[in-house]
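For reference, the structure is listed below as structure tokens.
In the numbering used here, the protein residues as written are -1 to 302.
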């Protein structure tokens, strides 16, 4: 009964946290509506910055897929299905199996989202598809799913910078790499943000600078969450690792490391225990002899 009540309280608390973020987002969205002129002007500023840095390659990149329906649809699907659905699935998995990992992920999302909302309010930016640079809106041109998964009343049209679409996918990837014991899942954690980076540019929803800004905001949010999120009594227990969480962030090493072996409770573990006992109690034939003996604190020896 206690566990059931505790779970219900946790679910209610998480719902209230998500609801608070939801209504805060809508407040900022309402504040930026009608700022098209400012958003377009800021978009021109970003393009000038990219031109100065040699990064304004979005038109050339989109030209590669705009005439290819298959590639355009692939970019659309990554953009649509690789964000909210994946975030919900990963969040649910963390919630069920990785308590500390879930709280860290949630707090990083909230912290980076708060930073993003401030920037959206004071620096609205129109995405490439809403500017006069000649970009095509591949999602609405080839699919109606955009209006289903991200309806106009649920999105901020002038929230191009920073790209939380990419930034939050970066946090998803970091969570998978950090928390999963499967090498295949860790590789997905690496590939996911890279695919989203390409998709947001090809679909003309963000500039390259938007993605860079979104990644930076996400990492700042993760740093804040790491400082503020208390660890549980045994954060490593859920992953089956004896390695401290602070040392499980060596991403490259973990990506290519073999899957973690499961803990042994059978004959192999018993044999290991026997060899340990034999080394410290040469007269014993097996570990049961050690149980039958006692430790002499004066001589520092095991005696029968």
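In this text, a Cβ means the ideal position worked out from N, Cα and C, and glycines have one as well.
What three-state label does DSSP hand residue 55 in the structure shown?
Coil, per DSSP.
What is the residue span of the alpha helix (DSSP H) that residue 103 lies within?
Residues 97 to 120.
Taking the Cβ atom as the reference point for each residue, do residue 59 and residue 199 lie within a distance shorter than 8 Å?
Contact flag set, yes.
My understanding is that residue 110 touches residue 171, with C-beta atoms under 8 Å, so please give their C-beta distance in whole angstroms.
Residue 110 to residue 171, Cβ: 14 Å. No contact.
DSSP three-state label for residue 155, please.
Coil at residue 155, not helix or strand.
Measuring straight from C-alpha to C-alpha, what distance separates residue 61 and residue 180?
Cα-Cα distance, rounded: 37 Å.
Less than 7 Å between C-beta atoms, sequence neighbours within five positions excluded: which residues of the same chain meet that for residue 135?
For residue 135, where only same-chain residues beyond five positions count, the Cβ hits under 7 Å are 127, 202.
Which residues in the same chain as residue 41 place their Cβ atom closer than 6 Å to its Cβ, once the five residues preceding and following it in sequence are excluded?
Hits under 6 Å: 123, 124, 129.
If you follow the alpha helix (DSSP H) that residue 196 is part of, which residue opens it and which one closes it?
181 to 200 is the extent of the alpha helix (DSSP H) around residue 196.
How far does the alpha helix (DSSP H) with residue 138 in it reach, from first residue to last?
Unbroken alpha helix (DSSP H) run through residue 138: 136 to 140.
Assuming residue 211 is part of the alpha helix (DSSP H), what are its boundary residues?
First-last of the alpha helix (DSSP H) with residue 211: 206 to 226.
Taking C-beta to C-beta, are residue 100 and residue 108 nearer than 8 Å?
No.
Report yes if the C-beta distance between residue 162 and residue 212 is below 8 Å; otherwise report no.
Contact flag set, yes.
What's the gap between the Cα of residue 141 and the Cα of residue 37?
About 26 Å.
Which residue from 189, 67, 118, 131 puts its Cα closest to that of residue 33?
Checked all of 189, 67, 118, 131; the closest Cα to residue 33 is 118.
Out of 21, 67, 169, 44, point me to the one whose CA is closest to residue 216's CA.
Measuring from the Cα of residue 216, the nearest candidate turns out to be 169.
With a cut-off of 8 Å, does the C-beta of residue 202 fall near any C-beta of chain D?
Absent from the structure is chain D; it holds one protein chain and no more.
Span of the alpha helix (DSSP H) holding residue 73?
Residues 67 to 79.
Tell me whether residue 5 is buried or exposed, calling it buried when 16 or more other Cβ atoms sit within 10 Å of its Cβ.
Counting Cβ neighbours within 10 Å, residue 5 comes out exposed, since fewer than 16 surround it.
In its own chain, which residues sit with a C-beta less than 6 Å from the C-beta of residue 191, not counting the 5 before and 5 after it?
Result list for residue 191: 167, 168, 171, in chain order.
On the criterion of 16 or more Cβ atoms from any shown chain inside 10 Å, does residue 56 qualify as buried, or is it exposed?
Answer is buried; the Cβ neighbour count reaches 16.
From 88, 218, 120, 138, pick the residue whose C-alpha is nearest to that of residue 177; which is it?
Comparing Cα positions, the closest option is 88.
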